[in-house]
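Here the structure comes first, spelled out in structure tokens, and everything after it is commentary.
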Amino acid sequence: MREPTMVVDMDSTATSAAVSPPPPPPQALLERLKDYGQEDAFALWDELSPEERDFLVKDIENLDLPRIDRIVRCSFRSQALPVAAIEPVPEQNVSSVEERTMEERERWWNMGLKAISKGKLAVLLLSGGQGTRLGSSDPKGCFNIGLPSGKSLFQLQAERILCVQRLAAQATSEGKVFYYFLKSMCLYFYLTHYPNLSSSPGTGSGGSESIHWYIMTSPFTDDTTRKFFESHKYFGLEADQVTFFQQGTIPCVSKDGRFVMETPYKVAKSPDGNGGVYSALKYSKLLEDMAMRGIKYVDCYGVDNALVRVADPTFLGYFIDKGAAAAAKVVRKAYPQEKVGVFVRRGKGGPLTVVEYSELDSSLASAINQSTGRLRFCWSNVCLHMFTLDFLNQVANSLEKDSVYHLAEKKIPSIHGYTMGYKLEQFIFDAFPYAPSTALFEVLREEEFAPVKNANGSNYDTPDSARLLVLRLHTRWVVAAGGFLTHSVPLYATGVEVSPLCSYTGENLEAICRGRTFHAPCEIAF
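Structure representation (structure tokens):
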């Protein structure tokens, strides 16, 4: 008999040899995840390609697990604690418009300019957000709201800094103002007409210090923001006068505190809120940088306000005069249900803080102060703040120590589709409860608050509404300076734009406007 022939399937053998079990996750990293209850991040390890495994390992190695665990635990615990009752802000904490005298305004203006001329003020811009709701993926500051000049929000703010520098130089030494003014205007002319100029005349202030501009971006806006500034030659500012830094991100978590996986090899993360500026300043060593520059005060604001008075000398002078650790500009709430946060006192004799509109009971929102006739809770937060550098150091350490973040319940993209979970955020106003003293400074919203948050066609806070607020304010300036307007459309729908290089708050316009007629819409510039 013939021996049976053995048939070997070579393809099957090769396949079984190739399908060897994957290497296990790095043991030390897995043990660290187990220590914090996050080992599920490796749940789909066996299904990943070698490249995806490497990506996941690096993603988790880049997380500060002890810090994140502390933040998650403290934030969940804080959410369950009872909240102290709120009281209205005492009247003595607020400088209201009607109570402010011309003498006070002039004194504060001069005090502010003097401090600016000595280099004691820095400007801190919160610019981490994209213009998604505006229909753009670019940073909000790149947005053109449709003014006659076509200037972006970034350019408007940069030119206001240039204008304040000029005013501070003038206040410091009248003899130097023409030098500084001429030099800054020459720089702007050169950069406007010769965009490829490799070097610039510079903006030395002839004896007055420049205002350093710190700009907080996010991982989503950083590169685009830097390139925007570079391509526009920093809008006339010196390149070394501007410092960019990024806010952090933090993992999104499920309702039981576990990481949400955006993909099998990536933890879902989100920016840590505009209050992430405190830890970002701390970890990027920029608080030390400010101290080395001799900075004492920091003007902090959000990017999406077309009327923001960047480096406002009057606000700075008021802040210095009051000797407060923190201050905020406020506007009166327009109506009880307006969707703005308001300043309150937390607990009897407690610190000032901000309560979001969604957290304010409707009966409290509508309550009237019988002695003033105003809403009891009327001082709206519009993200225009002033801090001492000493206080920023204190609050950066205190917020990190307490590690309490707001839990925002959101739909989060995950391997299971969109799942409900939490994004953890801090807000810029989280600093106020730590302040030994806080002063509020009322401003008129038609002069200083033109938010740009929603796309045109929305009911409020659109580029169109912000543009009209700018044009109407500047039209009032021109008329007050003796100018005249002609217009082809109703005046309520148009107006003139005054370049920030000409005027900061309507001052010094007589020589340009008196007896002249301007056809709206147009820009009045040098």
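The sequence shown begins at -17 in the working numbering and counts up one residue at a time.
Don't be surprised by glycine CBs; every beta carbon is placed ideally from N, CA and C.
task = Let me know if Ile398 comes out buried or exposed under the rule of 16 or more other beta-carbons within 10 Å of its beta-carbon.
result = Just to set this straight, residue 398 is His in the shown sequence, not Ile. With fewer than 16 Cβ atoms within 10 Å of its Cβ, His398 is classed as exposed.
inquiry  = Within a Cβ cutoff of 6 Å, which residues of the same chain sit near Gln139, ignoring the five residues on either side of it in sequence?
reply    = Val292
request  = Just confirm the distance between the C-beta atoms of Val259 and Leu108, as a whole number of angstroms; I'd bet it's less than 8 Å.
outcome  = 6 Å
ask   = Cβ atoms of Ile127 and Arg449: under 8 Å apart, would you say?
value = yes
ask   = On the three-state DSSP scale, how would you describe Tyr400?
value = strand
inquiry  = So, for Leu289: in the same chain, excluding its five sequence neighbours on each side, which residues have a beta-carbon less than 8 Å away from its beta-carbon?
reply    = Glu429, Glu430, Phe431, Ala432, Ala448, Leu451, Val452, Leu455
key: Residue closest to Thr487, alpha-carbon to alpha-carbon, out of Asn436, Ala462, Leu371   = Ala462
inquiry  = Starting from Asn375, trace the alpha helix (DSSP H) in both directions and tell me its first and last residue.
reply    = 371 to 384
ask   = Going by other Cβ atoms of all chains shown within 10 Å of its Cβ, with 16 needed for buried, is Gly255 buried or exposed?
value = buried
query = Going along the chain, which unbroken runs of the alpha helix (DSSP H) with 4 or more residues stay wholly within the stretch 93 to 164?
reply = 135 to 154
request  = Taking 8 Å as the threshold, find out whether the stretch 28 to 42 comes into contact with the stretch 242 to 253 through three or more Cβ pairs.
outcome  = yes
Between the CA atoms of Pro295 and Gly439 - distance to the nearest angstrom = 36 Å
key: Gly284 - partner residues in DSSP beta bridges   = Leu108
ask   = Quick one: what's Ile197 bridged to in DSSP?
value = Leu107, Phe226
ask   = Are the beta-carbon atoms of Tyr404 and Leu381 separated by less than 8 Å?
value = no
inquiry  = Rounding to the nearest angstrom, what Cα-Cα distance links Met368 and Ser77 in this structure?
reply    = 15 Å
Residue from Leu103, Tyr300, Tyr216 with nearest C-alpha to Val146 = Leu103
message = Could you give the first and the last residue of the continuous alpha helix (DSSP H) run that contains Phe58?
response = 47 to 61
query = What distance in whole Å lies between the Cβ atoms of Lys304 and Ala421, which are believed to be in contact at a cut-off of 8 Å?
reply = 4 Å
task = Helix, strand or coil for Arg327, going by three-state DSSP, please let me know.
result = strand
query = Out of Lys215, Ala502, Gly257, Trp91, which has the shortest C-alpha to C-alpha gap to Thr199?
reply = Gly257
Spatially closest choice to Phe409 from Phe508, Cys124, Val337, by CA coordinates = Val337
ask   = So who's on the other strand from Tyr279, going by DSSP bridges?
value = Leu103, Thr370
Backbone secondary structure at Pro32 - three-state DSSP = helix
request  = Determine the DSSP secondary structure at Leu334, reduced to helix, strand or coil.
outcome  = strand
request  = Name, in chain order, the residues that DSSP records as bridge partners for Phe500.
outcome  = Leu467
request  = Within its chain, find whatever has a CB closer than 8 Å to the CB of Tyr176; leave out the 5 residues flanking it on each side and keep chain order.
outcome  = Caution applies to Tyr176, whose pLDDT of 39 falls short of 50 and renders its modelled position unreliable; the model cannot decide the point.
ask   = Between Arg240 and Glu407, what straight-line distance do the alpha-carbon atoms span, to the nearest angstrom?
value = 16 Å
message = Please state the DSSP three-state secondary structure of Ile506.
response = strand
Continuous beta strand (DSSP E) stretch holding Leu422: start and end = 420 to 424
task = Whole angstroms is fine: what's the gap from Tyr170's alpha carbon to Ser252's?
result = Note that Tyr170 scores a pLDDT of 49, beneath 50, so its modelled location is shaky; the value from the coordinates is reported in the next line. Rounded to whole angstroms, Tyr170 to Ser252 spans 38 Å at the Cα level.
ask   = Out of curiosity, what's the CA-to-CA distance linking Ile197 and Phe211?
value = 11 Å
inquiry  = For a quick check, are the C-beta atoms of Gly230 and Ala262 less than 8 Å apart?
reply    = yes
inquiry  = Just to confirm my understanding: we take Gly157, look at its own chain, exclude 5 residues before and 5 after, and list those with CB closer than 7 Å. What are they?
reply    = Only weak support exists for where Gly157 lies, its pLDDT of 39 falling under 50; the coordinates are left without a value.
query = Would Ile506 pass as a contact of Val471 if the rule is Cβ separation under 8 Å?
reply = no
message = Going by beta-carbon coordinates alone, are Glu43 and Leu63 separated by less than 8 Å?
response = no
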